[in-house]
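Numbering (my numbering), first residue to last: 46 to 126.
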């Protein structure tokens with residue numbers, strides 16, 4: 046399920062990537078190079094991050110469903126004789 050970034054977000058991220066490369070690695074990259082790197086990251090790395098997030102969410106949801114009985118049922122009080 047590949048979803049592309051909208052153009053404005055893509056341009057903003059490419060600019061941020063360009064700034065990062067220059068500041069942190071002292072590497073000058075053109076906007077086109079940064080856009081191509083961003084596309085690679087999105088296509089090759091993005092699905093792994095997405096799948097990890099979905100897996101974490103599923104685990105959390107399963108935990109919530111398992112604990113549902115604790116929250117839904119009233120605990121009966123027994124009278125002592």
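Note that beta-carbon positions come from the ideal geometry of N, C-alpha and C, so glycine has one too.
Inset, instruction - Assign residue 100 to one of three DSSP states: helix, strand, or coil. - result: Residue state, collapsed to three classes: helix.
Legend entry - Spatial neighbours of residue 63 in its chain, beta-carbon cut-off 6 Å, leaving aside the 5 residues before and after: Excluding residues within five positions, the ones whose Cβ falls inside 6 Å are 74 and 79.
Inset, instruction - Assuming residue 87 contacts residue 50 (C-beta within less than 8 Å), just tell me the rounded distance between them. - result: Contact annotation, residue 87 with residue 50: C-beta distance approximately 7 Å; criterion of less than 8 Å satisfied.
Legend entry - Residue span of the alpha helix (DSSP H) that contains residue 143, given as start and end: The question about residue 143 has no answer, for the chain in this structure spans 46 to 126.
Inset, instruction - Identify, in the order they occur along the chain, each residue of the same chain with its Cβ nearer than 7 Å to the Cβ of residue 83, setting aside the five sequence neighbours on each side. - result: 55, 58, 59 and 62.
Legend entry - Cβ shell of residue 104 (< 6 Å), same chain only, five flanking positions each side left out: Nothing meets the Cβ criterion.
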